[in-house]
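S.K.:
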Amino acid sequence: MARIRIEHLWKRYGPVEAVRDLSLACADGLLLALLGPSGCGKTSTLKMLAGIEDVSTGAIFFDDRPVNGIEAAARNVAMVFEDYALYPHLTVAQNIAFPLEIRRRPRDEIRRATDGVIALLGLDTLRDTSVRALSGGAQQRVGIGRALVRQPDVLLFDEPLSHLDGAQKSGLRAEIKRLQKEAGVTSVLVTHDQTEAMAMADHVAVMDQGVLQQVGTPDDLYERPANLFVAQFIGEPPMNLLPGRLERRADGLVLHGPIGALALPEAAAPPLEDRASSDVVVGVRAEHLRLSDAASGSPGLPGAVFFREPRGDFDVVVVQVDGSSATPLAVEVEPAARWRAGDRVRVGVADARLHVFDSLHGTRR
Amino acid sequence: MTLELEALGQRWGRTQALDSVSLSVAPGEILGVTGPSGAGKSTLCRIVAGVQAPSRGEVCLDGQRVTRVPPDRRRVAIMFESYALYPHLSVFDNVAFPLRAPGAPPLPREALAERVRELLRFVELEHLEHRRPAELSGGQRQRVALSRALVQDARVFVLDEPISHLDAKLRYSLRGAIRRRLAQGAAPTIWTSPDAAEVLAVADRVAVLVAGRIRQVGTPTDIYRRPAHLDVARLVGDPPLNLLEGELVADDRGLQFRHPALTLSLPDDVRQRLEAGPASRRVVLGLRPAELRIGPATGGAPARVWVWEPLGRYGILTVRLGEDLVRLKVERGRSFQPGDPVTLHPGSAEPLIFDGTQGGAL
Chain B
20 MARIRIEHLW KRYGPVEAVR DLSLACADGL LLALLGPSGC GKTSTLKMLA GIEDVSTGAI
80 FFDDRPVNGI EAAARNVAMV FEDYALYPHL TVAQNIAFPL EIRRRPRDEI RRATDGVIAL
140 LGLDTLRDTS VRALSGGAQQ RVGIGRALVR QPDVLLFDEP LSHLDGAQKS GLRAEIKRLQ
200 KEAGVTSVLV THDQTEAMAM ADHVAVMDQG VLQQVGTPDD LYERPANLFV AQFIGEPPMN
260 LLPGRLERRA DGLVLHGPIG ALALPEAAAP PLEDRASSDV VVGVRAEHLR LSDAASGSPG
320 LPGAVFFREP RGDFDVVVVQ VDGSSATPLA VEVEPAARWR AGDRVRVGVA DARLHVFDSL
380 HGTRR
Chain C
2 MTLELEALGQ RWGRTQALDS VSLSVAPGEI LGVTGPSGAG KSTLCRIVAG VQAPSRGEVC
62 LDGQRVTRVP PDRRRVAIMF ESYALYPHLS VFDNVAFPLR APGAPPLPRE ALAERVRELL
122 RFVELEHLEH RRPAELSGGQ RQRVALSRAL VQDARVFVLD EPISHLDAKL RYSLRGAIRR
182 RLAQGAAPTI WTSPDAAEVL AVADRVAVLV AGRIRQVGTP TDIYRRPAHL DVARLVGDPP
242 LNLLEGELVA DDRGLQFRHP ALTLSLPDDV RQRLEAGPAS RRVVLGLRPA ELRIGPATGG
302 APARVWVWEP LGRYGILTVR LGEDLVRLKV ERGRSFQPGD PVTLHPGSAE PLIFDGTQGG
362 AL
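Residue numbers (our numbering), protein chains in the order written: chain B, 20 to 384; chain C, 2 to 363.
(1) Which residue from C:Ser21, C:Gly139, C:Arg289, C:Gly301 puts its Cα closest to that of Leu329 (chain C)?
(2) Could you tell me the distance, in whole angstroms, from the CA atom of Met20 (chain B) to the CA atom of Pro171 (chain B)?
(3) Suppose you measure from the CA of Val22 (chain C) to the CA of Ala262 (chain C); what does that come to, to the nearest Å?
(4) Helix or strand or just coil, what does DSSP make of Leu62 (chain C)?
(5) Please check the pair Val218 (chain C) and Leu24 (chain C), which I expect to be a contact at CB under 8 angstroms, by giving their CB distance rounded to whole angstroms.
(6) If you measure from the beta carbon of Gly313 (chain C) to each beta carbon in chain B, is any gap under 8 angstroms?
(7) At the level of alpha carbons, what is the spacing between Leu272 (chain B) and Arg254 (chain C)?
(8) What would DSSP say about Leu50 (chain B), mapped onto helix, strand or coil?
(9) Are Ile295 (chain C) and Ala218 (chain B) closer than 8 angstroms when you measure CB to CB?
(10) Whole angstroms are fine: how far does the CA of Lys42 (chain C) sit from the CA of Asp356 (chain C)?
(11) If I measure Cβ to Cβ from Gln17 (chain C) and keep anything under 6 angstroms in the same chain, skipping five residues before and after, which residues do I get?
(12) Ignore the nearest five residues each way along the sequence and tell me which others in Ser149 (chain B)'s own chain have a CB closer than 7 angstroms to its CB.
(13) Mind listing, in chain order, the continuous alpha helix (DSSP H) runs of no fewer than 4 residues lying wholly within the region 108-134 of chain C?
(14) Kindly list the residues whose CB is nearer than 6 angstroms to the CB of Phe176 (chain B), restricted to its own chain and excluding five residues on each side of it in sequence; keep chain order.
(15) Check for me: the beta strand (DSSP E) holding Asn95 (chain C) runs from which residue to which?
(16) How many whole angstroms separate the CB atoms of Gly51 (chain C) and Val77 (chain C), which I take to be in contact at a CB cut-off of 8 angstroms?
(17) At 8 angstroms on the CB atoms, spell out the chain B contacts of Glu310 (chain C), in chain order.
(18) Candidates B:Leu53, B:Val38, B:Glu328: which alpha carbon is nearest Cys45 (chain B)'s?
(19) Give me the chain C residues within the contact set of Phe117 (chain B), using Cβ-Cβ distance strictly less than 8 angstroms, ordered along the chain.
(20) Who are the Cβ neighbours of Thr236 (chain B) in its own chain at under 8 angstroms, not counting the five residues just before and after it?
(21) With DSSP collapsed to three states, give me the class of Leu9 (chain C).
(22) Kindly indicate which three-state DSSP category Thr346 (chain B) falls into: helix, strand or coil?
(23) Output the distance between the C-alpha atoms of Gln65 (chain C) and Ile48 (chain C), rounded to the nearest integer angstrom.
(24) Could you work out which residues of chain C lie near Arg330 (chain B), taking near to mean beta carbons separated by less than 8 angstroms?
(25) May I ask you to report which of helix, strand or coil DSSP gives His374 (chain B)?
(26) Which two residues bound the contiguous beta strand (DSSP E) that contains Met26 (chain B)?
(27) Would you identify the three-state DSSP class for Met98 (chain B), choosing helix, strand or coil?
(28) Could you check whether Leu183 (chain B) and Arg160 (chain B) sit closer than 8 angstroms to each other, using their CB atoms as the reference points?
(29) Take every Cβ of the region 123-135 of chain B, pair it with every Cβ of the region 56-65 of chain B, and state whether three or more of those distances are shorter than 8 angstroms.
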């Protein structure tokens, strides 16, 4: 086990700056997710942690030991790959034992370690099965077993769930998190999928174009996104963003923007007061907007239901605001709610949990 | 235009890729088809497009059999899961290809270019029209293939996994935009995805295909609320329905579901329905993650926290109940540690019960 510390890390490929001045830490036994779209620098960072890629400038420490100059094989880092990378001609037990076999560990040690990992993963009944015969989810569990058997200081997961579909994905996601906690091994997860990062990690580092945008607990990112990029990346459907100017009126606070004038809840006013009459982007999540009948006279932006997406426990109704070509608004409703495509509605803000960003820099205010 | 598939069968040697698949798609309707890989989704698409002839059954358009009509005369626009782009052509020429094909209605040069560019703007690729497919990312290639299908003045659209390789944000915005675009026309559409949530969000009706057979066809609400088979229950919902094996026991208190760690009295209407049905006592109980509750220690089933996954709006709590893992959707503002004792309360919703051997809903 080890703490990980990354200081002012840069990675350059010729003129391309893949990672720019990244500083991050992961405490002993925790799981840190590196989250972002393709090209954000997360995979380059993972490769530098593994020792597969050289560091351009900056430093990486495991505990207080700098590992920049240490080659991959000597770092005691294990990796779980996107495509499992198992040996197809070997059984489950042989695949898991493999890293110890090539290190020529004593036979009884190999046996003990392999049995321990097989029990931890619940693979007992499959131990002598060829990995070729396993489902994707079971193959990935073998991949994790092979990584754990060496008792690595650091475990690296490179998009471990991206080849699995729906139910298998959510099942293995929970299983990996549980295993990681049980084994207590410091881990770094690379993923482009915000749900995966939020569900599995103790801390999530959101990256874009090589630059760290925010690092925090999953709840931090959801409740206090540091900028517009994080606000739109975390949460599904993406947060609604409304550019405009805040204005104090006798009857409350109003956002004036290209989509019209939107009254904001009184409870939101005090923290927003000092931003009045400046250009902002107000972010509102789908669950904090409310629909009412166009004819009801309740306050809100007039518009028409564009379409409706059933999601099971709730539905998302997408509304195009009248006279606006901006991205339509996503509003969460109960499955029993009656709104249908084409209905005339008003969209109002139902909750004071608003996010206000600087319109120029996109940073949270 | 109405599309009808009548008892389609496809056999590859001893494998039955499709088995008696009958479906109909109304004008302007999107029929979603979902199922695990190998379920037969792509085979179905290829048969509708005419690039493959079925072993049995018929494909009909407005009542006319077209099963043996070659693809170029069917006017079915298909987007292949593999994209099938022409590597030597630019993005623009790939999208323009079906408009220039022999048999396509002739279009003036300007009109053709406008139509192609309109589609490229729609999929946010207008800046890449001169690139070749090899110079694009996977997600960009998928969008080229999508525009090449949507650009056509087709009688039927077949979209085989149209957005599965795009990032989450684009997938969300594009599926709404495609839905809106298709709804303006009168062509029936088949839209497949292994991700049940995607087709349930976008389609008017959804067919669940498992091992070449249709397990259920219905509106998204039907599929979510009343899965007809265990195979459907396992594919639908995030997280999917909790499935507990147990047995039905009748005593003086009425009919009960018994699981080693949970006993549930079944409401009278459920009892009456079950008593009229097959005699199998081995059943599977389905409990919705959003309807289960963590509550007071009395009147529920004791369980232990296995793992907690916070997801912002809500979190998924997995608990161990006897030998089973059970998942609950919990509103945010709480946090749980592995090993914490909790008491599980089944919600008030009507329990879903499936036949333990056949898998059908009872």
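All residues carry an ideal CB built from backbone N, CA and C; glycine is no exception.
M.R.: Considering the structure as presented:
(1) Sequence index remark: in the second sequence, residue 329 (chain C) carries index 328 (1-based). Closest option to Leu329 (chain C), Cα to Cα, is C:Arg289.
(2) Counting from one through the first sequence, the residue named residue 20 (chain B) turns up at place 1. Counting from one through the first sequence, the residue named residue 171 (chain B) turns up at place 152. So the alpha carbons of these two residues sit roughly 7 angstroms apart.
(3) On the second sequence, position 21 is the one that residue 22 (chain C) refers to. On the second sequence, position 261 is the one that residue 262 (chain C) refers to. Answer to the nearest angstrom: the Cα atoms are 40 angstroms apart.
(4) The residue given as residue 62 (chain C) occupies position 61 in the second sequence. In the structure shown, Leu62 (chain C) sits in a strand (DSSP, three-state: E or B).
(5) By 1-based counting over the second sequence, the position of residue 218 (chain C) is 217. By 1-based counting over the second sequence, the position of residue 24 (chain C) is 23. Yes, they are in contact, since the Cβ atoms of Val218 (chain C) and Leu24 (chain C) sit about 7 angstroms apart, within 8 angstroms.
(6) Within the second sequence, residue 313 (chain C) is the residue found at index 312, counting from 1. At least one chain B Cβ lies under 8 angstroms of Gly313 (chain C).
(7) The residue given as residue 272 (chain B) occupies position 253 in the first sequence. The residue given as residue 254 (chain C) occupies position 253 in the second sequence. Roughly 59 angstroms between the two C-alpha positions.
(8) Sequence index remark: in the first sequence, residue 50 (chain B) carries index 31 (1-based). Three-state DSSP puts Leu50 (chain B) in a strand.
(9) Along the second sequence, read from residue 1 onward, the residue named residue 295 (chain C) stands at position 294. Along the first sequence, read from residue 1 onward, the residue named residue 218 (chain B) stands at position 199. Against a cut-off of 8 angstroms, the Cβ pair of Ala218 (chain B) and Ile295 (chain C) comes out as no contact.
(10) Within the second sequence, numbered from 1, the residue matching residue 356 (chain C) stands at position 355. Within the second sequence, numbered from 1, the residue matching residue 42 (chain C) stands at position 41. Using only the alpha carbons, I get a separation of about 26 angstroms.
(11) For the purposes of this step, residue 17 (chain C) is taken as residue 16 along the second sequence, with counting starting at 1. Gly213, listed in sequence order.
(12) As a first step, residue 149 (chain B) is located in the first sequence; it is residue number 130 there, counting from the start. Here the set comprises Thr110.
(13) 110-123
(14) Here residue 176 (chain B) corresponds to residue number 157 of the first sequence, with the count starting at 1. The answer, listed in chain order, is Val99, Leu208.
(15) For the purposes of this step, residue 95 (chain C) is taken as the residue at position 94 of the second sequence. Element bounds for Asn95 (chain C): not the beta strand (DSSP E) but the alpha helix (DSSP H), 92-101.
(16) As a first step, residue 51 (chain C) is located in the second sequence; it is residue number 50 there, counting from the start. As a first step, residue 77 (chain C) is located in the second sequence; it is residue number 76 there, counting from the start. Confirmed, about 6 angstroms.
(17) To locate residue 310 (chain C), count along the second sequence from 1; it is residue 309. By Cβ distance, chain B contributes Arg192, Ala193, Lys196, Met217, Ala218, Met219.
(18) The residue labelled residue 45 (chain B) in the question sits at position 26 within the first sequence. Checking every option, the nearest Cα to that of Cys45 (chain B) belongs to B:Leu53.
(19) For the purposes of this step, residue 117 (chain B) is taken as residue 98 along the first sequence, with counting starting at 1. Within 8 angstroms Cβ-Cβ: nothing; Phe117 (chain B) doesn't reach chain C, min ~28 angstroms.
(20) For this step, residue 236 (chain B) is matched to residue 217 along the first sequence. Once the five neighbours on either side are set aside, the close Cβ partners of Thr236 (chain B) are Asp221, His222, Val223.
(21) What you label residue 9 (chain C) is simply residue 8 of the second sequence in a count that begins at 1. Of the three classes helix, strand and coil, the one that applies to Leu9 (chain C) here is strand, per DSSP.
(22) Within the first sequence, numbered from 1, the residue matching residue 346 (chain B) stands at position 327. Correct three-state label for Thr346 (chain B): coil.
(23) As a working note, residue 65 (chain C) is residue 64 in the second sequence. As a working note, residue 48 (chain C) is residue 47 in the second sequence. Rounded to whole angstroms, Gln65 (chain C) to Ile48 (chain C) spans 15 angstroms at the Cα level.
(24) Your numbering for residue 330 (chain B) matches position 311 in the first sequence. By Cβ distance, chain C contributes Ala198, Leu201, Ala202.
(25) Residue numbering aside, residue 374 (chain B) sits at position 355 when the first sequence is read from its first letter. It is a strand residue.
(26) The count along the first sequence starts at 1 and reaches residue 26 (chain B) at position 7. As written in the sequence, residue 26 (chain B) is Glu, which differs from the Met given in the question. 23-32 is the extent of the beta strand (DSSP E) around Glu26 (chain B).
(27) On the first sequence, residue 98 (chain B) is found 79 positions in, with the first residue counted as 1. Met98 (chain B): strand per DSSP, three-state reduction.
(28) In the first sequence, counting from the first residue as 1, residue 160 (chain B) sits at position 141. In the first sequence, counting from the first residue as 1, residue 183 (chain B) sits at position 164. For Arg160 (chain B) and Leu183 (chain B), no; Cβs fall outside 8 angstroms.
(29) no
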